[in-house]
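Novice: Just dropping this structure here.
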Amino acid sequence: MGKVLISLFQFLFYFLQYHLASSSISASSFSPPPHNLCPHDMRFALLQFKHTFAINSYASSRCDYYGSPSYPKTMSWNESATDCCQWDGVTCDELTGHVIGLDLSCGHLYGTFDANSSLFRLSHLQRLNLAYNHFNYSRIPYAFGSFANLTHLNLSYSRFSGPIPSKISFLSKLISLDLSSFRDYFILELHHFRMLLKNMTQVQELVLNGVNISSVLPDSLTNLSSLTNLDLGWTRLQGNIPNNIFHLPKLQRLILRDNGVLRGNLQKVNWSSSSSLSYVDLSHMSLSGDLPHSVGYLKSLNHLDLSSTSLSGELPHSIGYLKSLNYLNFSSTSLSGELPHSIGYLKSLNYLNFSSTSLSGELPHSIGYLKSLKVLDLRNCRFSGSIPKWIGNLTRINYLVLSRNAFTGPIPSAIGELQNLKYLLLSDNKLIGTIPSGLLNLPSLLFLDLSGNQFTGQINEFQHKSTLKVIDLSRNKLHGPIPHSVSKLSNLLELRLSSNNLSGVVELKMFSNLKFLHGVDLSNTNLSVNTESNINSTFPNIMSFLMSSCKIDEFPRFLRTLVNLVELDLSNNKIHGTVPEWVTGKASLTYLNLSHNFLTSIERLPLGEKLDVLDLHSNLLQGPLPIPPPSTWYFFISQNKLSGEIPSSICNAKSFEILDLSHNNFSNAIPPCLGNFSQSLSILDLKSNAFHGAIPLTFGKYCNLQNLDLNGNQFEGPLPPSLSNCKFLELLNLGNNKINDTFPYWLGTLPELQVLVLRSNRFHGPIDSSKGKFPFPKLRIVDLSHNNFIGHLPGRYFKNFKAMKNKTMPNEKYMGAEYYQDSVAVTMKGIEIEMLSILTVFTTIDLSSNKFSGGIPDVIGELIALNVLNLSHNSLTGRIPSHFGDLAMLESLDLSSNQLVGKIPNQLTSLTFLEVLNLSWNHLDGPIPKGKQFATFENGSYAGNSGLCGFPLSRECGDNQAQVLSRVVCQQEDDSDFASGFTWKVVVMGYGCGMALGLFVGYFMFLTGRPKFFVRIVENEVRETAKRLKRTHYRRVGRRN
């Protein structure tokens, strides 16, 4: 009873106290509301927590990057302030004063997070946000799981690391959990993930972006019926996406991006049950199939990103039903066909990106209805036609990118009226005409790229108040001088005018007022650049100075003062003498190209640790090999007069990807370490020197070589079997050495080998087939000529030359890379030709000048893509296979100096590309076939075959059949025959059909472009020469991170 009275008394006391307080409040509207000070122990815990960390703005630098304000919130916490509830970031319960919320996000906190931190004494916490601080990669303490009342926890991007403790899953009241991190800082074990999903039944926001989960997405995820926001991007998820995840009843945001092996097929999703979705990002995943028509049911969708997936097919018309959409990104997918007209229904759209797809056709005029559009990116597609005038309707556009398409015609003047346009990129199309003056004077334009088109005329003057920062007009047909108004573009960062037909003398002082200029490229423009002016202060911020082929005869003096120079290209000029130290000694240089000059020595080698590319080839450099810095990726010093041996110190350059020392006078043995000193080395070119000794035996299992060229030296001994470790090898050229070995059958295991040259060595013995099932699957060029091989021709190898059986040729391109192209010497049509670049469609077999015997295998007739076949100067017997008539692409056939017998197969007349035929010095007999190319071959093709008769030989055949065949040839040669005929050699047909007809056919054939392959070689050589002149510098491939 006494306890009851005491309790009643306490109740009355508190009731009266509350009543009096309420009366006081109502009596005066100016009195402050009741407020309880935070308890002393909580205040003390917060102060202890504050003193655990240093204040460092770097800790929250990403907040500033993303535009969120960052400041040191704990700076307002001090011991003199008794009420911690008034401190920045602290929230208290109004009745009890307990700290229930703590927001220190972007608070500049830096230091290690203690597992026994005083923070964990704040047991009443309901909301905790420590995002965007730097806790020095501490582990997440288990004590975080002790906040039983916590509803919101955000530890994102705060530099925690390690496994996420299982106790986090005990926070059963959580509504929002954000543990996003920089990739792989956090690890969430699968059983902890499952426990988390099982216990957090009330969770609405689950954000684990960047957490390493590395498991299959659990089906239990679909049980979280309260979920509105799910972000599992960059979590290394695997397996298939559960289709039910799209049907969570309240889900609004779904982000699974950057899980490259997570698979899904959107056609299997019932989008009609996903009406709540407003934000979907499934980019950089293994999505496949077409985008289904049912995507139109997502009426609430405002953000859709399916970029960098395998999505294919055409874009459905129903995409136009997504009226709320403001962001649409399908870039880097396999979408094809034309853009549907319904794309114009998306009136809220402000971002549209279909770049790097296979979309084609003309742009639908309905895009002109998208008045809210700010970004339109259609680069690297297959769009054609003219750039439409309605583009001028997009008055809010900031970013217009139509590069790398097939647009034709002039630039519409309407683009010059887009007052909000900041970025205009129309490069690599087929645009013509002059550049509209309005483009150069748009008030907001920052970036203008019209490179790689066919613009003509002069460059117009710029407005004095232009905002332009980048101008790229390179690779056009512009002429005339550089406009003087360029010198007044005070905001200009980069000026690129290379590869045009400009004229005049450029005084570098015209750029002296451009204080922010970082890069200038005038290469290959016919301009003469005057470097004699005393302009030491011209380019205080210059980083890229590219002046290839600018008629410069000395190193510009202002280079002395440049401290931030990154790229320097003075190639293809007339600079003589020594390279001064103030050119090569700059620590900031990453790219230095002084090739194609008349340099004789280097005062000081580049010592900078940042140098990636050093190109000194085609000069007059003498003496020993200069060794570049260890950081160098690409080192070109070919075509000089260097001598001596290669020092073993070169193997300290572990970063080499390309090492080209060809065409010098180096001698002695090469260092053994060259075989395995760099796992990144892909090209080693030592051809045309005087190296001798054995080839190193040390090609390791991590060999990354793609091109090994040792041609034209004096290497001896056997071929090292360790070369079989180089699984990426595409070209192996060991020709013109003294290698003494049997056929290296083990090379057949190299899956990428395309070019094999062993010519002019001392290889011997039979060519035995390897034990592998499919040897040499990609071989296209094989040259074993001028050795001592014996036995039968390797029919099993021929049978497996799959690359020579593919008549459907890929697009013509060159072996190698943009910064280096493979080369090889081949004997073709009786002439040795140095192919400075190798077309991927070129195929040849040269087994000449050996001691092969036996018959020619019929299986060679299956190599229907073969261009050149040379089996001459052997001891081959039997007949010429009639299957040779199936070699439809054959242009040169040399079987001379063998012991072949029988008739020349009539099937060879079907070889309409055949330009060179040499069957001399065999034992062939019978009539020479008539028709098509055979009417173009001269006597030399058949010399030494006493049994042959008929045209062009003076020996006539005795039977009437040959005479009838001769008459039929003259009657049946029609226009189609002529179109597949030969060039000037056709005039010899006049012996059979009349001189006038022969001259006419020869002239006609010349006009039609025969012989086809020879013309293609010449064209490619011209194109390659132009490319070398145009290339101002090597674009770095960025293999290192």
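Those letters in the sequence shown? Residues -21 to -1, 1 to 1020, by mature numbering (1 follows the signal peptide of the UniProt record, and there is no 0). Each residue gets a CB set at the ideal place from its N, CA and C atoms; glycine is no exception.
For residue 736, write down the residues that DSSP places opposite it in a beta bridge.
Specialist: Beta-bridge pairing links residue 736 to 712 and 762.
Novice: Can you say whether residue 320 is buried or exposed, counting buried as having 16 or more other CB atoms within 10 angstroms of its CB?
Specialist: It counts as exposed.
Novice: Which residues in the same chain as residue 318 place their Cβ atom closer than 8 Å to its Cβ, once the five residues preceding and following it in sequence are excluded?
Specialist: Cβ neighbours of residue 318 beyond the five flanking positions: 294, 333, 338, 340, 342, 343 and 346.
Novice: Let me confirm a value: residue 603 is counted as buried when at least 16 other C-beta atoms fall within 10 Å, else exposed. Which label applies?
Specialist: That one is exposed.
Novice: Measuring CB atoms only, is the stretch 260 to 268 touching the stretch 239 to 247, in the sense that at least three cross pairs come out at less than 8 Å?
Specialist: Short answer: they touch.
Novice: Pick helix, strand or coil for residue 580, following the three-state DSSP scheme.
Specialist: Residue state, collapsed to three classes: strand.
Novice: Pull up the CB-CB distance for residue 94 and residue 122, whole angstroms please, since I reckon it's below 8 Å.
Specialist: Sure, about 7 Å apart at Cβ, within 8 Å.
Novice: I'd like to confirm the pairing. Which residues does DSSP put opposite residue 701 in its beta bridges?
Specialist: Paired residues: none, contrary to the question.
Novice: Under the assumption that residue 351 contacts residue 331 (Cβ atoms under 8 Å), give the Cβ distance between them as a whole number of angstroms.
Specialist: So it is not a contact: roughly 10 Å between Cβ atoms.
Novice: Based on the DSSP secondary-structure assignment, which residues constitute the bridge partners of residue 540?
Specialist: DSSP lists no partner for residue 540.
Novice: Less than 8 Å between the CB atoms is what I'm expecting for residue 188 and residue 163, so what's the real figure, rounded?
Specialist: That belief does not hold up - the Cβ atoms of residue 188 and residue 163 are roughly 12 Å apart, past 8 Å.
Novice: Establish whether the CB of residue 761 and some CB of chain C are separated by less than 8 Å.
Specialist: Of the chains in the structure shown, none is chain C; there is only one protein chain.
Novice: What residue range does the beta strand (DSSP E) around residue 54 cover?
Specialist: No beta strand (DSSP E) contains residue 54, which DSSP labels as neither H nor E.
Novice: Is it the case that the stretch 579 to 588 contacts the stretch 528 to 539, given that we only count it when at least three CB pairs across the two stretches are under 8 Å?
Specialist: No contact exists between the stretch 528 to 539 and the stretch 579 to 588.
Novice: So residue 165 and residue 140 are supposed to be a Cβ contact under 8 Å. How far apart are they, rounded?
Specialist: Rounded, the Cβ-Cβ distance is 7 Å, consistent with contact.
Novice: If residue 524 sits next to residue 508, beta carbons under 8 Å apart, how far is it from one beta carbon to the other, in whole angstroms?
Specialist: Going by Cβ atoms, the distance from residue 524 to residue 508 rounds to 10 Å, so no, they are not a contact pair.
Novice: What are the boundary residues of the alpha helix (DSSP H) that residue 402 is part of?
Specialist: No alpha helix (DSSP H) holds residue 402; the beta strand (DSSP E) holding it covers 402 to 404.
Novice: Do residue 458 and residue 481 come within 8 Å of each other at the CB atom, strictly closer than that value?
Specialist: Contact: yes.
Novice: Can you tell which of 473, 430, 474 and 785 has the C-alpha that lies nearest to the C-alpha of residue 1043?
Specialist: Within the shown structure, residues of the chain are numbered from -21 to 1020, placing residue 1043 beyond reach of any answer.
Novice: Flag this pair as touching only if the stretch 375 to 383 and the stretch 394 to 408 have three or more C-beta atom pairs under 8 Å; answer yes or no.
Specialist: Yes, the stretch 375 to 383 is in contact with the stretch 394 to 408.
Novice: Which residue comes first and which comes last in the alpha helix (DSSP H) that contains residue 24?
Specialist: Per DSSP, residue 24 belongs to the alpha helix (DSSP H) from 19 to 30.
Novice: How big is the Cα-Cα spacing for residue 590 and residue 640?
Specialist: About 18 Å.
Novice: Any idea what DSSP makes of residue 71, helix, strand or coil?
Specialist: Residue 71: strand per DSSP, three-state reduction.
Novice: With residue 485 as the anchor, note down where its beta strand (DSSP E) starts and where it stops.
Specialist: From DSSP, the beta strand (DSSP E) with residue 485 extends over 484 to 486.
Novice: When the Cα atoms are used, what is the spatial distance from residue 922 to residue 879?
Specialist: Taking the straight line from one Cα to the other gives about 13 Å.
Novice: Measure how close the beta-carbons of residue 545 and residue 527 come, nearest whole angstrom, since I'm counting them as under 8 Å.
Specialist: Not confirmed; about 16 Å, so no contact.
Novice: In the DSSP assignment, find the unbroken beta strand (DSSP E) run with residue 928 in it and report its ends.
Specialist: Note, residue 928: beta strand (DSSP E), 926 to 928.
Novice: Just grab the DSSP bridge partners of residue 293 for me.
Specialist: In the DSSP output, where bridge partners are listed per residue, residue 293 has 315.
Novice: Report all residues from its chain with a CB closer than 7 Å to the CB of residue 215; omit the five preceding and five following residues, and keep chain order.
Specialist: Closer than 7 Å at the Cβ level, and outside the excluded window around residue 215, lie 191, 192, 193 and 238.
Novice: Whole angstroms is fine: what's the gap from residue 261's alpha carbon to residue 708's?
Specialist: For residue 261 and residue 708, the distance between alpha carbons rounds to 37 Å.
Novice: Within 10 angstroms of its Cβ, does residue 60 collect 16 or more other Cβ (buried), or is it exposed?
Specialist: With fewer than 16 other Cβ atoms within 10 Å, it is exposed.
Novice: Output the residue ranges of the alpha helix (DSSP H) runs that lie fully inside the stretch 145 to 191 and measure 4 residues or longer, sorted by chain position.
Specialist: Counting whole runs of 4 or more residues, the stretch 145 to 191 contains the alpha helix (DSSP H) stretches 169 to 178.
Novice: Looking only at C-alpha atoms, which of 479, 734, 454 and 491 sits nearest to residue 470?
Specialist: That would be 491, whose Cα lies nearest to the Cα of residue 470.
Novice: Checking 8 Å against the spacing of the C-beta atoms, do residue 747 and residue 722 come in under that value?
Specialist: Taking 8 Å as the Cβ cut-off, residue 747 and residue 722 qualify as a contacting pair.
Novice: Using the Cβ count rule (16 or more neighbours within 10 Å means buried), how would you classify residue 752?
Specialist: It counts as exposed.
Novice: For a quick check, are the C-beta atoms of residue 874 and residue 898 less than 8 Å apart?
Specialist: Yes, these two residues count as a Cβ contact at 8 Å.
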